[in-house]
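Okay, structure first, notes after.
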Amino acid sequence: MTLSNKKARLFCWIILILLLFSLIVHIYFRVNYIFHDVSIVLAWVGYTSLGLVIYLFCFAFFRDLLIIVSLMTLKIKKLFIKSGKTPFFSPERRGFLFKASGYSIAFLSASATAFGYATALEEPRIVKIDIRLNQDRKDLRGLRILQITDLHVGPTIQYDYVKRVCDKIQVLKADLILFTGDLADGSPKALGFDVSPLTDIEAPLGKYFVTGNHEYYSGAKRWIHEVKRLGFKPLINEHKVIKYNKGLLTLAGVTDINAGAFFKEHESSPRKAILGCPENSFKLLCAHQPTSIYQASKAGFDFQISGHTHGGQFFPFNFFIRLQQPFIKGYYKYRNTKLYVSQGTGYWGPPLRLGTFPEITLFKFI
């Protein structure tokens, strides 16, 4: 590597480090409620740069892994190469390939970041899911339930995006609106204006909210008060019996599965949430994390809707998440309980989605 190449590489790393440092400055400004506009710019720069660095690291890791495997293979094959014959990977050729791979990594990382950025900021797609009912619950047929989840209003998701989401919700004219947690990353004081469009969405049978893990990071009790102001009814291990035509829907909601670590009275309990409901009703559970399905099934729920996973959000985490989450996205069945996991309406951290997309889910009972 020539001196000029070393200087260029050092310069690039210095720029990336400075871009990431903007995140620290952003957090300081945000916590202290100062320089709001500057803080937003720094958040966009910092989080997007973080995404780029993640891709640079991943592609470089795979490249280096291939190099290690190739070198090990060559060491073995060297035994079969006759003396005087030019090795397939001469020092000059290795240098050229290494340099070319560096440019390829930069191009692939920039392309993945740009594509992921565009996907994350696109309007949420409407995913329509039919819930088939048994004959004894046919009176609920036609009921339309809308789910939003994991909006993550905060550093880079603000009023304009929330307004676009709410406008799209209003067009769908659902009978019931359910928000399954992770509304925001920050305090109601800082984000009250940004979440305010949620006040305008309406549904004839009401709108309900359950807490996600991020509510507890940001002050769950303050956010519970805030969602009431926005017109939502929080379901804290409780249920509401809803009449539709001549049918009965037991709509239950539980706190985040880890909420008990923050407030003992918020210990998540599907069993408590369903207690006393009409036996002949369709039992629907709103639970932020899909793993609530284990307790939900024991409690006797027919269907659970969740979020939390973001579907992995972006490559390569949409593969690694399977090591921690058995239910990633889409439709599942566990014993006698069905489960749907949304990919989320917003995103968390870097404004990137690769291999996933933002989602608003519309369920219809048929």
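So the sequence shown is numbered by my numbering: it starts at -7 and just counts up by one. Idealized CB from N, CA, C, for every residue including glycine.
Reduced DSSP category for residue i - H, G, I as helix; E, B as strand; rest coil
{"i": "residue 335", "result": "coil"}
{"i": "residue 122", "result": "strand"}
{"i": "residue 35", "result": "helix"}
{"i": "residue 176", "result": "strand"}
{"i": "residue 194", "result": "coil"}
{"i": "residue 47", "result": "helix"}
{"i": "residue 353", "result": "strand"}
{"i": "residue 20", "result": "helix"}
{"i": "residue 26", "result": "coil"}
{"i": "residue 3", "result": "helix"}
{"i": "residue 254", "result": "coil"}
{"i": "residue 344", "result": "coil"}
{"i": "residue 9", "result": "helix"}
{"i": "residue 234", "result": "strand"}
6 Å CB neighbourhood of residue i in its chain, flanking five on each side removed
{"i": "residue 340", "result": "144"}
{"i": "residue 204", "result": "173, 174, 248 and 280"}
{"i": "residue 218", "result": "180"}
{"i": "residue 197", "result": "167, 168 and 234"}
Extent of the continuous beta strand (DSSP E) run through residue i
{"i": "residue 136", "result": "136 to 140"}
{"i": "residue 207", "result": "Careful: residue 207 lies outside any beta strand (DSSP E), inside the alpha helix (DSSP H) at 205 to 210."}
{"i": "residue 245", "result": "239 to 245"}
{"i": "residue 199", "result": "199 to 201"}
{"i": "residue 170", "result": "168 to 171"}
Straight-line gap, residue i to residue j (C-alpha atoms, nearest Å)
{"i": "residue 50", "j": "residue 268", "result": "51 Å"}
{"i": "residue 249", "j": "residue 56", "result": "39 Å"}
{"i": "residue 96", "j": "residue 62", "result": "18 Å"}
{"i": "residue 346", "j": "residue 120", "result": "21 Å"}
{"i": "residue 210", "j": "residue 59", "result": "44 Å"}
{"i": "residue 237", "j": "residue 195", "result": "16 Å"}
{"i": "residue 276", "j": "residue 226", "result": "15 Å"}
{"i": "residue 190", "j": "residue 158", "result": "6 Å"}
{"i": "residue 303", "j": "residue 321", "result": "5 Å"}
{"i": "residue 18", "j": "residue 213", "result": "25 Å"}
{"i": "residue 169", "j": "residue 16", "result": "37 Å"}
{"i": "residue 8", "j": "residue 85", "result": "29 Å"}
{"i": "residue 300", "j": "residue 222", "result": "22 Å"}
{"i": "residue 293", "j": "residue 246", "result": "12 Å"}
{"i": "residue 272", "j": "residue 47", "result": "51 Å"}
{"i": "residue 241", "j": "residue 130", "result": "12 Å"}
{"i": "residue 22", "j": "residue 31", "result": "6 Å"}
{"i": "residue 101", "j": "residue 307", "result": "11 Å"}
{"i": "residue 64", "j": "residue 104", "result": "30 Å"}
{"i": "residue 349", "j": "residue 256", "result": "35 Å"}
{"i": "residue 193", "j": "residue 352", "result": "14 Å"}
{"i": "residue 138", "j": "residue 355", "result": "6 Å"}
Start and end residues, alpha helix (DSSP H) containing residue i
{"i": "residue 286", "result": "285 to 291"}
{"i": "residue 163", "result": "151 to 164"}
{"i": "residue 228", "result": "That residue, residue 228, is in no alpha helix (DSSP H); it is neither H nor E in DSSP."}
{"i": "residue 265", "result": "262 to 266"}
Close Cβ partners of residue i (< 8 Å) along its chain, the five nearest in sequence each way excluded
{"i": "residue 283", "result": "249, 317, 318 and 319"}
{"i": "residue 109", "result": "40, 43, 343 and 344"}
{"i": "residue 125", "result": "132, 133, 274, 357 and 358"}
{"i": "residue 52", "result": "97"}
CB contact check: residue i to chain C, cutoff 9 Å
{"i": "residue 64", "result": "The chain inventory of the structure shown lacks chain C, comprising one protein chain alone."}
Neighbourhood of residue i by C-beta distance below 7 Å, restricted to the same chain and skipping five residues each side
{"i": "residue 148", "result": "35, 36, 39 and 343"}
{"i": "residue 291", "result": "262, 263 and 266"}
{"i": "residue 186", "result": "145, 150, 151 and 154"}
{"i": "residue 115", "result": "156 and 160"}
Practice task
Note down, one range per segment and in chain order, each alpha helix (DSSP H) of at least 4 residues found wholly within the stretch 49 to 116.
Solution key: Listed in chain order, the complete alpha helix (DSSP H) runs (minimum 4 residues) inside the stretch 49 to 116 are 83 to 112.
Exercise for the section: List in chain order: all unbroken beta strand (DSSP E) runs of 3+ residues lying wholly within the stretch 269 to 328. Expected result: Complete beta strand (DSSP E) runs here, min 3: 274 to 278, 295 to 298 and 322 to 326.
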